Amino acid sequence: MTPAITLTERAASRIREILAAEPGKNALRIAVNGGGCSGFQYEFQLAEAAAEDDLVIERSGVKALVDPVSQGFLEGSEIDFVDDLMGQSFRIRNPNATSSCGCGTSFSI
């Protein structure tokens, strides 16, 4: 069985705030693409609806979507939202990543 990809309550709360300001958008899409300083990078976009083959992650009434290719890279990950000295951002705690860049937006496996 594939380990779950989860959203923290802080991430769900921030997604709710973002979606409230974007009419017609109903979910946050999380993808993994080639590139970035460590080999792969996370991408976040607002989406109107889930694709037929998306993984839909729900928490507290909000949805995050992950495409089938990205699911393999994100197995067991936790999506969080942080507000610290570096700024505000979604952060992914990815147990599959062997290293990541300083800003946390790219990683290698």
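Reminder that position 97 of the sequence shown reads as 118 in the working numbering, one-by-one numbering, no gaps. Heads up, the beta-carbon is just placed ideally off N, CA and C, and yes, glycines get one too. Since the structure is predicted, the reported quantities are computational estimates derived from the model, not experimental observations.
Three-state class that DSSP yields for residue i in the structure shown
i      : result
Leu40  : helix
Glu30  : helix
Gly97  : coil
Ser110 : strand
Met22  : Low confidence applies to Met22: its pLDDT is 49, below 50, so where it sits in the model is not reliable, and the reading given next is rough at best. Three-state DSSP puts Met22 in coil, outside helix and strand.
Pro116 : coil
Arg35  : helix
Close Cβ partners of residue i (< 8 Å) along its chain, the five nearest in sequence each way excluded
i     : result
Met22 : Residue confidence for Met22 is low, a pLDDT of 49 falling below 50, so the modelled location carries little weight; the figure read from the coordinates is stated next. Once the five neighbours on either side are set aside, Met22 has no close Cβ partner at all.
Residues near residue i by beta carbon distance below 6 Å, same chain, minus five either side
i      : result
Phe94  : Val53
Pro116 : Gly97
Among the options, the one whose alpha carbon lies nearest that of residue i
i      : options                         : result
Gln92  : Arg80, Ile113, Arg31 and Val103 : Ile113
Glu38  : Ala118, Ile26 and Lys84         : Lys84
Val90  : Thr29, Arg50 and Ala41          : Arg50
Ala118 : Gly60, Arg31 and Ala71          : Gly60
Glu73  : Val87, Glu43 and Arg80          : Val87
Ser34  : Ser81, Leu76 and Gln66          : Ser81
For residue i, the residue or residues it bridges with in DSSP
i      : result
Glu79  : Lys84
Asp105 : Gly108
Ala48  : Ala68
Cutoff 7 Å; reference residue i; Cβ partners in own chain excluding five residues on either side
i     : result
Glu69 : Gly45, Lys46 and Asn47
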